[in-house]
Structure formats: structure tokens, C-alpha cells
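So the structure is just underneath, and the comments pick up after that.
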Amino acid sequence: MEELLRRSEKLTTVGQLAAGVAHEIRNPLTTLRGFLQLQQEKKLLIPLHINLMLSELERINLIVSEFLILAKPQAVRFQQKDLRYILSDVISLLDSQAHLCGVQFESKLSEQPASVHCEENQLKQVFINIVKNAIEAMPVGGTILIEQYNDPDSVVIVITDEGEGISKEMLPKLGEPFFTNKETGTGLGLMISQRIIQAHKGSLEIKSEVGRGTEITIKIPSSGQAAPQESI
Ligand code: ADP
Ligand code: MG
13 MEELLRRSEK LTTVGQLAAG VAHEIRNPLT TLRGFLQLQQ EKKLLIPLHI
63 NLMLSELERI NLIVSEFLIL AKPQAVRFQQ KDLRYILSDV ISLLDSQAHL
113 CGVQFESKLS EQPASVHCEE NQLKQVFINI VKNAIEAMPV GGTILIEQYN
163 DPDSVVIVIT DEGEGISKEM LPKLGEPFFT NKETGTGLGL MISQRIIQAH
213 KGSLEIKSEV GRGTEITIKI PSSGQAAPQE SI
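Just so we're aligned, residue 13 is where the sequence shown starts under the working numbering, counting upward by one.
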């Protein structure tokens, strides 16, 4: 059975989000302080502790860098771009990572220009997040299909994987900050992606079936004119 989700209106406020980030960072900080105190008082640090400290630091680093993508309004510059080139860039960027995981990409992009008014780096971030999730959902490999076509008013992108899928119970939780089922996940990728798509006046829908895979459909309003040559 297919489950459909549309939730851009359910997004949390920035304030709640900041509180969440603070909370998530406090946990690894407490661990780090504990180990440092142990060292100060008893000189007991062993390589295992040092490894744990490094992974806690890496976790803080990940959370902060994902969060920064949202908190950089000065870097946001909307321009006319052809989405086909953004998608091709993302595919080549992730190709070697996919290959290592036994995953291959199949892309079907339209022959017509797919011009949208967008912040290129943010849209790239969205596609990177979604394709990475797809790769991570396919531990034994498979194919990720990346399709793009033009509707009368919008450019549509559909990313389909053959991964583990998402249960009906979990589906409503996606996009909540820090919801993750991965050991090293931050649970921020989808939430940030939804916010970026919302800022582009678009929509993001997730359909999934456990054991079969997940299909993510993004629609972004077309800008109605071809992207200038130098920008693609
Ligand atoms: P993270 O990848 O750090 O866990 P995300 O916000 O990107 O955070 O994703 C949140 C959760 O949504 C993931 O932990 C996973 O459980 C689920 N998820 C997202 N995309 C997929 C997918 N393509 N297939 C299966 N589960 C997914
Ligand atoms: Mg992710």
C-alpha cells in the first residue's frame, strides 16, 4: 500500500529548531566534558575514549554544518537556472559514492529547458540530501531513478529508489528535526530540504512502501523563460 505525505505547512518555527539544535549539541558536549574531567582527575584516557570523543566532536560538527545551511540568508541569491544542469551536477558529484555502495543512477531529463527562479546551492543541497538518503536506504545496492519533466506551470523532479522503504508509522515523522534511524544521522536533511523547497514556493511529497522503495516528488514553479546562456 502506498502512503502519501504532504507537510510543508507542518514545519516547526526557527525558535523551536534552535532549541532542538542546542539540545542535540549538549549531549555530545556532556560526554566530552566527562572524558576530559576523567583525564584531569585520574589521567585515565585510553584510545577508545579518544575515539569516542572524536566521534562526538564529528557529530557536533555535522549538526552545526547542516544547520548553517539554513542560517545564511546573506548567501541566498535567487537566479534563473536550468534545473537539468543542477541535477546533472548532483549526479556527477555523488556518482563515486553511489558506485562504492553498488548503486547506479539512471537519469531521464527533459529535452526542453527547465528554467526556474532559484538559489542554486540550496537546490543542490536538497537533491544531495535526497539522493544520499536513497543511497543509504539501499545497503545491497540497486538503481536510483532521477526523472525530470515539465508540467504546464512547474518543473517536476521524481527521485525513486529501491531501498528499504519507510513504514506508515514513520512517515509522518519525516521532516521533524532530529528524526533519524541512522547511527550517524543528524535527522536534519529532510527538514532542511522541505524548508528550501518551501522558500522556492514548491512542494515535496514522499511516497513509500516498506521493502520496495521510496519515491520523492518535488515541484518547483517554472520561471516561464529560458535561463540565460551564461548561467547554465
Ligand atoms: P538522516 O539522513 O540524517 O537520518 P534525514 O532528514 O535526511 O536525516 O532523513 C530522516 C530519516 O528519514 C532517515 O533517518 C530515514 O529513516 C528516513 N528516510 C529518508 N529518506 C529515505 C529513503 N529514501 N528511504 C528510506 N528511509 C528514508
Ligand atoms: Mg539524510
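C-beta atoms are modelled at their ideal positions from N, C-alpha and C, and glycine is treated no differently.
Treat the numbers as computed from the prediction; the structure is a model and nothing was measured.
Closest Cα partner of residue i within the set the options
i, options, result
"Gln91", "Ser119, Ser100, Val115 and Cys130", "Cys130"
"Glu217", "Leu200, Pro189, Pro184 and Val102", "Pro184"
"Ala31", "Pro189, Gln124 and Leu44", "Pro189"
"Glu174", "Leu80, Ser220, Gln51 and Asn73", "Ser220"
"Gln134", "Leu80, Asp165, Tyr161 and Ile171", "Leu80"
"Gly154", "Thr172, Asp163 and Ile142", "Thr172"
"Asn162", "Ile37, Ile232 and Phe47", "Ile232"
"Glu132", "Asp94, Ile103 and Glu36", "Asp94"
Buried or exposed by the 16-neighbour rule on C-beta atoms within 10 Å, applied to residue i
i, result
"Ile228", "buried"
"Ala149", "buried"
"Ile230", "buried"
"Ile62", "exposed"
"Lys22", "Unreliable positioning characterises Lys22 in this predicted model, as indicated by a pLDDT of 37, which lies under 50. The coordinate reading is nonetheless provided below. It is exposed - the Cβ of Lys22 has fewer than 16 other Cβ atoms within 10 Å."
"Gln206", "buried"
"Pro164", "exposed"
"Gly245", "Because residue 245 is not part of the residues shown, which for the chain are 13 to 244, the question remains open."
"Asn141", "buried"
Straight-line Cα distance separating residue j from residue i
i, j, result
"Gln137", "Glu53", "44 angstroms"
"Leu152", "Val115", "The identity of residue 152 in the sequence shown is Val, whereas the question assumes Leu. Taking the straight line joining both Cα atoms gives about 8 angstroms."
"His111", "Thr196", "21 angstroms"
"Arg89", "Lys144", "25 angstroms"
"Arg224", "Glu68", "34 angstroms"
"Lys120", "Glu159", "5 angstroms"
"Phe117", "Ile147", "10 angstroms"
"Ile75", "Phe139", "18 angstroms"
"Ser235", "Ile208", "17 angstroms"
"Pro59", "Arg71", "18 angstroms"
"Glu15", "Gln124", "Low local confidence applies: a pLDDT of 40 at Glu15 is under 50, so the model's placement there is unreliable, and no value is given."
"Ser122", "Ile169", "10 angstroms"
"Val167", "Gly214", "9 angstroms"
"Thr42", "Gly187", "26 angstroms"
"Glu78", "Leu50", "31 angstroms"
"Ile98", "Gly201", "18 angstroms"
"Ile244", "Lys55", "In this prediction, Ile244 scores a pLDDT of 38, lower than 50, which makes its location untrustworthy; the coordinate-derived value is nonetheless stated afterwards. Taking the straight line from one Cα to the other gives about 58 angstroms."
Worksheet item: Quick one: complete beta strand (DSSP E) runs, 3+ long, within the region 155-222?
Response: 166-172 and 215-221
Worksheet item: Okay, do the region 172-181 and the region 88-108 touch, 3+ Cβ pairs below 8 angstroms being the bar?
Response: no
Worksheet item: What are the uninterrupted segments assigned as beta strand (DSSP E) that are 3 or more residues long and contained completely in the region 70-142, given in chain order?
Response: 91-94, 115-120 and 127-130
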